[in-house]
Each structure stands twice: as C-alpha cells, then as structure tokens.
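Following: one structure in structure tokens, then a few remarks.
Residue numbers (the numbering used here), protein chains in the order written: chain D, 1 to 136; chain C, 1001 to 1414.
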C-alpha cells in the first residue's frame, strides 16, 4: 500500500518533515483498515521556523506551526488531530463552525465540539494513547 | 518550554488537576473525545465497562455523510440504529451519564429541520432559473434560521440563489461569487451566520421574527451559458418560538388576549374557528371609563377588530365550551398608553411569564398596585398585589385587569 501523502520539504530539517510523514503513514494504514480505502492526496505545509496556525485548512491541506515558540512537527497528537479533521472531511461530514477553540470550553457550539472531540479521539486511536500532548 | 497535556481516559490535566470540575456535556470537546475513547478502549474505569474497538465507532462516523447534523447526540442515536449494538445500551448509557452528555446547557440547540429533495438540473444560460418549494407546517416565530444547499456545479460564479419566505421576503444567499480559498466549485454548505458560508444578504436581519408556516422557496438562476449544475436538495433549520396557541374557552365570559394576530385582524376573521360558539366580545375603554361591545351586527358594534396587548372578554354560548386557535404575526415592540385606574391588558409575552416580568418596565407599587385574574373555572377573581399573590404568571392568550396608580406609557417587548 502506498499512502498518498505529500510533504513539501522547504528546508533542511527533514527530521521534522519525516516525523509528520511517519504519523500520517500510520494514520493512512488505520483508515485503510477501517474503511477499506485509501484517503485522497493530502498536502501538509510546514516550514521550520515559520509561524502558521496549525489547522486542517479544507481542500486536503493541513498547515502546521513551525515557529520556535510552538513547533508542532514532533507533536504527534496535534498532527494526528488535524489528520482527524481531514478524515472527517473525506469520510464523514462536518458542519463544524471551525473557529478558535480550546479543549474544555464550556457552552461550545456542539457541532464544533463533535468535530474537535472526534479529531482528538482519532488522534488517540491512531497512537493507541489516551494522552494528548502539545509541546510549546 | 511548556507542555499542554490531558488524558481523555481519566480527564486529568497536565498539572494533575481534574478536568471533572469543569462543565461537561456534549458542548465540550473533551467530553466528546472521552466518550468515544471509553467506548473504544480496553481500560475500564468510571462508567466505562466496554471495549468495542474502533470499528463500531467508525461505522457510525462514516454514516455521517452529507445530510446529517453531526453532533454527539446523533452519534448516540445512530449507534443504536444498528440493532446489533442494542446489547451495549446500558453500558453506553452509563458512559454518557458519567460524562453528563445530555445534561449540559449548550448555547446551541438544534432547530426543526425541513428537507426538500429536488434533483432538477438548473437551466443553463437562463435568466428565469428554477424555484423549489418546501412546505413548513409548524408555525414558529423565527429566532434563527439556517439554509443548507447541495448544488453541484462546474462553476459556482454563475449562480444567483435566494430564499423566499412564506410572506414573500426574498434574501439573496449567493450572488455570482467565486469559491473561497479551499472551497470547491460545488455548493454544499450551510448558509448561516456567523458561521460557514456567509450569505450575500443577512438571513437573520431579514427573516428574524417572520412566521415559518407556509411555502418556502429556493430560487436558483444560472444566467451564464456554458457550465451546468443541479439542485440536489436544500433544507431549512428553524429555531423559534411558537406563533400559534390554543386557548380553551368555557361557557360564559372568558378573558382573552392575542399574542399573535393575522393580517386581517377583524373579529369575524380571528374568531372564525369558533363561529357560532360565541355571542359577544367586549373590551374596556379606560379613557372613556366604559365597556365597548361587538355583537356581530354592524348597527350595534362599537369596534370590529382586535389589537395586540389589549384584553377582551368573549362570551361563549356553547355549553361544551370551545377551543380558540390564535395564530398569526407576533407582537413587535410597541408603546401603549395606560390610564390611571383599571385597564384590561393581555400578556405581551409569547410564552407563560412571571407577572412582574411580563409587565416590565412598569413597577409594582410604583406604576401599578394590583393585577386581577378571572378564574373561569370558579368564576372568581384572583389578586396579585405587593401583599397578596394568588396567581404568579401571565398565561399566553389570557387577559387581566391592571390597576395603574397613574397614567403611564408601557413599552412592551415580546
């Protein structure tokens, strides 16, 4: 099986890029196991030292923060959380408002809660680990 | 370097604090993730006695395709639509109960949804387009309305689309705009504010307060020749207050008011459903300090139409009583004069409300001193004063005596 994932390598830090790649390969394997099909081509934009709002951007694009303040390239939980949004976009249907959120927000729009909660669960499922870690 | 971490297994945060102290319910994403994890995982803990793995969760998740509203409650309902999962109901209920899934007070409540499957091709290069009709049977006063449209098209910028309410208010949803960054040419979106696809004109500003009952229309035009598309379906999600109420009237005098009135406010029209069951309608003219009557005879009628906020006495002749259905356009904000002394008023609220709340901004003891309710069952009056409270609420559709201590202007908010 060849997972159809593309990563732009714009700088020398290939370690970060390959960790992202590695996470998504595992994610793709699991989705294949569950759904019987391989997800469509996914592009991840990440650049060491360059700030970006980590998010699934729709249209099969994930953006990851590369800033020194809050780098996400080794935050497997975060990477796979965004991958969970991609999988929701492709295999389910999300009408999440897609706004800024945090994990224990109260009175959140329940559609946003479903979307974000699914993504966090799916991240844990793919890592087989209930701990969600975001190093900054 | 800081680390944000939490554990969806036992809801412990990174510094050992318990997230359990925070609100839970389906309006927190951590609840959603922890419920799914409890269903999936092999570790049993509080409220969690099952380990179903990923497949049954995926099976529900992957059914949330296209036309579902995807929230945790839908997951719950869909999980049990597979009868094989019924054996897990007690355990799933236990997990949902522990996480207080259905006990939260979310700001988001799903509205009533009406769906129209259309399936017509939109005439290409045609300035008339198509009109798709959808009948809404429930009569609500709109507080929030969202419109979902599934319209595959090769070039979205061709499309002009609008929604038309039963009262013929037209709001443009799409006006030949191209997709936003990341969107496809196909329209498959909720037009809603402030989220998702922002309509060309404000739906809320134009349709809030409208009545829902009647035929809604979606008009789609593709005036530019070349690229084609079709209207698969569209749906309305409506949230609102009831704009219709039924009032049980007994034989004899009944104190009635009208929170909703149709465009034709004539008494004969408003009371058409109880035609033959009543003999007289009476109102109190506080300025003239006299009662005025409607008896269905132009020669003797002293008024012919109902007004919002005013209270009326209807004399029912039918020994079995009758049921009056009141519907129409709800009251909007207005200011009415009240005279010192007795007035007969109706509740300005579209739902049952506490007496003093309904009468705001008037103040008990300052603007008025006494409110009286006629109990049709016992044929006696009940008092509401500073010292005596024999009833506590204004009921929708009822009328009351109000004793004002001075002339006042009452600005009512529905």
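Yeah, the Cβ is synthetic: ideal placement off N, Cα and C, and Gly gets one too.
The structure presented is a predicted model; accordingly, all values stated were derived computationally and were not measured.
Three-state secondary structure (DSSP) of residue i
| i | result |
| --- | --- |
| residue 1365 (chain C) | coil |
| residue 1373 (chain C) | strand |
| residue 1413 (chain C) | coil |
| residue 1028 (chain C) | coil |
| residue 16 (chain D) | helix |
| residue 1098 (chain C) | helix |
| residue 1021 (chain C) | In this predicted model, residue 1021 (chain C) has a pLDDT of only 48, less than 50, meaning its place in the structure is not dependable enough to derive any value. |
| residue 1398 (chain C) | strand |
| residue 1213 (chain C) | coil |
| residue 1074 (chain C) | helix |
| residue 1380 (chain C) | strand |
| residue 115 (chain D) | helix |
| residue 1338 (chain C) | strand |
| residue 1343 (chain C) | strand |
| residue 1407 (chain C) | coil |
| residue 120 (chain D) | helix |
| residue 1055 (chain C) | helix |
| residue 144 (chain D) | Beyond the ends of chain D as shown, which are 1 and 136, falls residue 144 (chain D); an answer cannot be given. |
| residue 1359 (chain C) | coil |
| residue 1208 (chain C) | coil |
| residue 1318 (chain C) | coil |
| residue 1000 (chain C) | There is simply no residue 1000 (chain C) to check, as chain C begins at 1001 and stops at 1414 in what is shown. |
| residue 1008 (chain C) | coil |
For residue i, the residue or residues it bridges with in DSSP
| i | result |
| --- | --- |
| residue 1333 (chain C) | Looking at the DSSP assignment, residue 1333 (chain C) forms no beta bridge with any residue, so it has no partner. |
| residue 1189 (chain C) | C:1149 |
| residue 1091 (chain C) | According to DSSP, residue 1091 (chain C) bridges with nothing at all. |
| residue 1048 (chain C) | DSSP output for residue 1048 (chain C) lists no bridge partner at all. |
| residue 1308 (chain C) | None; residue 1308 (chain C) has no bridge partner. |
| residue 1354 (chain C) | C:1393 |
| residue 1219 (chain C) | C:1131, C:1162 |
| residue 85 (chain D) | Answer is none; residue 85 (chain D) lacks a bridge partner. |
Any chain C beta carbon closer than 7 Å to residue i
| i | result |
| --- | --- |
| residue 49 (chain D) | no |
| residue 117 (chain D) | yes |
| residue 127 (chain D) | no |
| residue 113 (chain D) | yes |
| residue 132 (chain D) | yes |
| residue 91 (chain D) | yes |
| residue 95 (chain D) | Low confidence applies here, because residue 95 (chain D) scores a pLDDT of 48, under 50, leaving its location unreliable; read the following figure in that light. For residue 95 (chain D), the answer is yes, since a Cβ of chain C falls inside 7 Å of its Cβ. |
| residue 25 (chain D) | no |
| residue 37 (chain D) | no |
| residue 120 (chain D) | yes |
| residue 78 (chain D) | no |
| residue 110 (chain D) | yes |
| residue 41 (chain D) | no |
| residue 67 (chain D) | no |
Chain D within 7 Å of residue i, Cβ atoms only
| i | result |
| --- | --- |
| residue 1042 (chain C) | no |
| residue 1238 (chain C) | no |
| residue 1061 (chain C) | yes |
| residue 1072 (chain C) | yes |
| residue 1008 (chain C) | yes |
| residue 1098 (chain C) | no |
| residue 1037 (chain C) | yes |
| residue 1106 (chain C) | At residue 1106 (chain C) the pLDDT is 44, less than 50, meaning the model places this residue with poor confidence and gives no usable figure here. |
| residue 1029 (chain C) | yes |
| residue 1257 (chain C) | no |
| residue 1032 (chain C) | yes |
| residue 1049 (chain C) | no |
| residue 1021 (chain C) | Note on residue 1021 (chain C): pLDDT 48, under 50, position unreliable in the model; no value is reported. |
| residue 1054 (chain C) | yes |
| residue 1202 (chain C) | no |
| residue 1188 (chain C) | no |
| residue 993 (chain C) | Residue 993 (chain C) is absent from the model: chain C starts at 1001 and stops at 1414. |
| residue 1000 (chain C) | This structure cannot speak to residue 1000 (chain C), because chain C is shown only from 1001 to 1414. |
Unbroken stretches of the beta strand (DSSP E), 3 residues or longer, contained in the segment 21-82 of chain D: 42-45, 61-63
Ordered list of beta strand (DSSP E) runs contained in the segment 1103-1172 of chain C, each at least 3 residues: 1112-1122, 1126-1136, 1140-1151, 1160-1164
Length at least 3, wholly inside the segment 1228-1305 of chain C: the beta strand (DSSP E) runs in chain order: 1229-1242, 1244-1249, 1252-1257, 1278-1285, 1290-1294
The segment 1272-1292 of chain C in contact with the segment 1361-1380 of chain C per 3-pair CB rule at 8 Å: no
At least 3 beta-carbon pairs within less than 8 Å: the segment 1331-1341 of chain C vs the segment 1284-1298 of chain C: yes
Inter-stretch contact at 8 Å, needing at least 3 Cβ pairs: the segment 11-22 of chain D / the segment 53-73 of chain D: yes
Touching by the beta-carbon criterion (3+ pairs, under 8 Å), the segment 1078-1087 of chain C and the segment 1197-1209 of chain C: The segment 1078-1087 of chain C vs the segment 1197-1209 of chain C: no contact.
Sufficient close CB pairs (3 or more, under 8 Å) joining the segment 1240-1257 of chain C to the segment 1149-1158 of chain C: No, the segment 1240-1257 of chain C is not in contact with the segment 1149-1158 of chain C.
The segment 1116-1128 of chain C touching the segment 1056-1066 of chain C, judged by at least three CB pairs closer than 8 Å: no
Touching by the beta-carbon criterion (3+ pairs, under 8 Å), the segment 1308-1322 of chain C and the segment 1227-1237 of chain C: no
Three-pair Cβ contact test at 8 Å for the segment 1319-1338 of chain C versus the segment 1238-1245 of chain C: yes
Inter-stretch contact (C-beta, 8 Å, three-pair minimum) for the segment 23-37 of chain D and the segment 46-55 of chain D: no
Given 8 Å, three or more beta-carbon pairs between the segment 1160-1180 of chain C and the segment 1208-1225 of chain C: yes
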